[in-house]
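One line per chain: the protein sequences are A and B, in this order.
Basically my numbering = 1-based index in the first sequence + 920.
Basically my numbering = 1-based index in the second sequence + 4.
Contents: one structure, followed by commentary.
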Amino acid sequence: KAGVTQTPRYLIKTRGQQVTLSCSPISGHRSVSWYQQTPGQGLQFLFEYFSETQRNKGNFPGRFSGRQFSNSRSEMNVSTLELGDSALYLCASSLQTAQRETQYFGPGTRLLVL
Amino acid sequence: KQEVTQIPAALSVPEGENLVLNCSFTDSAIYNLQWFRQDPGKGLTSLLLIQSSQREQTSGRLNASLDKSSGRSTLYIAASQPGDSATYLCAVRPGGGADGLTFGKGTHLIIQP
């Protein structure tokens, strides 16, 4: 079974631009969570989607948003990019809601904001 | 606010040794705890998931324990191999389970051949 895939793998943007990242979960998985990883802050939770609904959200500004489609694929969008948004963005999928389930992570999208 | 601390931050041991990685968390009201490994340039691989009602989980050479009352978990790696070299991350899901995982900063492990 194919793992979690994320596209693109690498991205360079400039301040003020917006960016959309995509995540395809493992086939049959209905939950997708997003995390940001930086050297200073480590891994931080962004949000989780289950059956096209956002279940919960981390402590990030409104510039960070996401959505999930009927086929469970998810996208996250960051508007008005700042230098501090440079990070590795990871998505994770699980069969049902992420609570009791093992989460399977994708390889991440590395975003560099100049 | 839940905080997760991992000690040591880095560890280098010769191949074949048994080793213990430590994880502590400030709020004992957790839903579950997971251990992950992360290889350079790659995503996370789940190693073990311990529900709050469990004391330990085992997978092959790995054993993870959980002591909720003291806010601690350990990951025991038996007979370490060079392929075990990676960053090991501990993450807790807060009580109620609705929120995302809170991660520690990780232990960077090097197994010398």
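Just so it is clear, CB atoms sit at the ideal spot from N, CA and C, and this is done for glycine as well.
Computed from a predicted model, the values in this text were never measured in an experiment.
- Counting of Cβ neighbours within 10 angstroms places A:Glu972 among the exposed residues, the total staying below 16.
- Residue pairing by DSSP places A:Glu1021 opposite no residue, since no beta bridge is assigned to it.
- Here A:Leu1015 carries a coil assignment [DSSP, helix/strand/coil].
- Taking each of B:His112, B:Gln116, B:Ala95 in turn and checking the Cα distance to B:Thr30, the smallest one comes out for B:Ala95.
- Below 8 Å, enough C-beta pairs join the stretch 994–1008 of chain A and the stretch 934–946 of chain A to call them touching: three or more.
- Nearest C-alpha to A:Gly948 among A:Gln988, A:Tyr969, A:Ser992: A:Ser992.
- The criterion of a C-beta distance shorter than 8 Å is satisfied by B:Leu23 and B:Ile81.
- Between B:Ala90 and B:Arg65 a beta carbon distance of about 14 Å is seen, past the 8 Å cut, so the two are scored as non-contacting.
- The C-beta of B:Lys5 has fewer than 16 other C-beta atoms within 10 Å across all chains shown, which makes the residue exposed.
- Residues of the stretch 6–35 of chain B with a Cβ closer than 8 Å to any Cβ of chain A, in chain order: Tyr35.
- Using a Cβ-Cβ cut-off of 8 Å, B:Gly99 does not count as an interface residue toward chain A, since no Cβ of chain A sits closer than that to its own.
- For A:Asn997, the enclosing beta strand (DSSP E) begins and ends at 994–998.
- Residues of chain B whose Cβ lies closer than 8 Å to the Cβ of A:Ser1006 do not exist, since the nearest Cβ in that chain is about 16 Å away.
- Contact annotation for A:Ser953 against chain B: Gly104, Leu105 [CB-CB distance below 9 Å, chain order].
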